[in-house]
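Residues 190 to 413 (full-length UniProt numbering) make up the sequence shown, in order.
For glycine and all other residues, C-beta sits at the position ideal for the given N, C-alpha and C.
Read through the structure below, which is laid out as structure tokens, and then see the notes.
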Amino acid sequence: EADLESKLPLKGKKILITAGPTYEAIDPVRFIGNHSSGKMGYDIAQSAAEQGASVVLVSGPSHCKVTHSAIELIPVVSAQEMFDACHLHYAKVDVAIAAAAVADYKPKTIASQKIKKSEAEFSIELEKTQDVLASLGAAKKNQFLIGFALETENEIENAKLKIQKKNLDLIVLNSLQDEGAGFKKATNKVTFIDKNFSVEPMELKSKEAVATDIVNKIISHFNA
Ligand code: CTP
Ligand code: CA
């Protein structure tokens, strides 16, 4: 059995994956979040582990479960925590994949007590969060870096801009155009675009199957 395992294509490779939403605190009981289930990132982690990789999975709040013993789960809540956890591991990994739906903005200040309702209108001042993926791109040495993009217009053009801006090797463009694709769905319609801007549209398929396609891209990268 040990002999079989040593032949797995990603044996000896370390992979960092971000997954899930982030929650940005407003006060002790409230936050800004989103509907990401985390499933895409957890499915990639499972598929990579099955191919022999050791995986560090940095995940925002999610109901998804980790079962494979080669996956180390690092639970985080906010974008800042995700940033810190990723940079703690990034120097040691061969591949990093950003599948998390990181909040783009967070409250400028977190109220220390529960905010009481008073005026008829109420607003919260927001500031940008850290871009975890862009920071990994800026710190890149030899890592193969994969990002996701969710676009609703000028999809391919915007995804190409993200490849350049974040110094990526591959981007997985998520299409909302098609019925079965999206946040809470079990399926995804993706297009792969590499750093040479070669565009490869994929069929609508389960998130498990998309995860397998992504892991196959990683295997091809190491075999090239
Ligand atoms: N991402 C990240 N940290 C952020 C925002 C995004 O790591 N603060 C990562 C996501 O995990 C994804 C990629 O960046 O892999 C693209 O996310 P997306 O929301 O599509 O793009 P943004 O750069 O946030 O730009 P916008 O939302 O304006 O399109
Ligand atoms: Ca965003």
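Hey, residue i and residue j: beta-carbon distance below 8 Å or not?
i	j	result
A345	I382	It should be pointed out that residue 345 corresponds to Ile in this sequence rather than to Ala. Going by C-beta atoms, I345 is nearer than 8 Å to I382.
T207	G230	yes
Y294	L315	yes
A292	A268	yes
Y212	G222	yes
A348	L362	yes
P198	Q235	no
K384	L350	no
E389	T380	yes
residue 142	K203	Residue 142 cannot be examined here, being either before or after the span of the chain that is shown, 190 to 413.
K254	K396	no
Taking just the CA atoms, how far does residue j sit from residue i?
i	j	result
P210	F333	23 Å
V247	H276	11 Å
A290	K354	18 Å
S301	N331	42 Å
I407	A398	14 Å
A338	K281	25 Å
I403	I286	10 Å
V245	N343	33 Å
A238	T401	11 Å
K297	A274	22 Å
D216	V265	18 Å
A327	K306	43 Å
I304	E310	13 Å
F411	K317	35 Å
K394	L322	25 Å
Y279	I299	29 Å
E214	I233	According to the sequence provided, residue 214 is Ala. The question's Glu does not apply to it. Taking the straight line joining both Cα atoms gives about 28 Å.
E340	E308	36 Å
N405	S225	24 Å
V284	L205	6 Å
S324	F220	24 Å
M271	G249	8 Å
D320	I352	14 Å
Answer yes or no: the CB of residue i versus the heavy atoms of ligand 1, is any distance below 7 Å?
i	result
L350	no
A338	yes
V321	yes
A237	no
residue 421	Because the chain is modelled from 190 through 413, residue 421 falls outside the range shown and cannot be assessed.
T298	no
T376	no
A268	yes
Could you tell me if the beta carbon of residue i falls within a distance shorter than 7 Å of some heavy atom in ligand 2?
i	result
D293	yes
Around the C-beta of residue i, are 16 or more other C-beta atoms found within 10 angstroms, so that it is buried, or is it exposed?
i	result
N377	buried
P387	Inspection of the sequence shows that residue 387 is occupied by Ser rather than by Pro. S387 is exposed by the Cβ-count criterion.
S251	buried
A413	exposed
I360	buried
V218	exposed
S364	buried
S312	exposed
S409	exposed
Problem - Sequence ranges, beta strand (DSSP E) only - wholly within the segment 376-404, length at least 3 - result: 379-383, 388-390
Exercise for the section: Run through the segment 263-351 for me and flag every whole alpha helix (DSSP H) of 4 or more residues, listed as ranges in chain order. Expected result: 268-278, 321-327
Practice task
Starting from the N-terminal side, write out each stretch of the beta strand (DSSP E) that is 3 residues or longer and does not extend beyond the segment 217-242.
Solution key: 219-221
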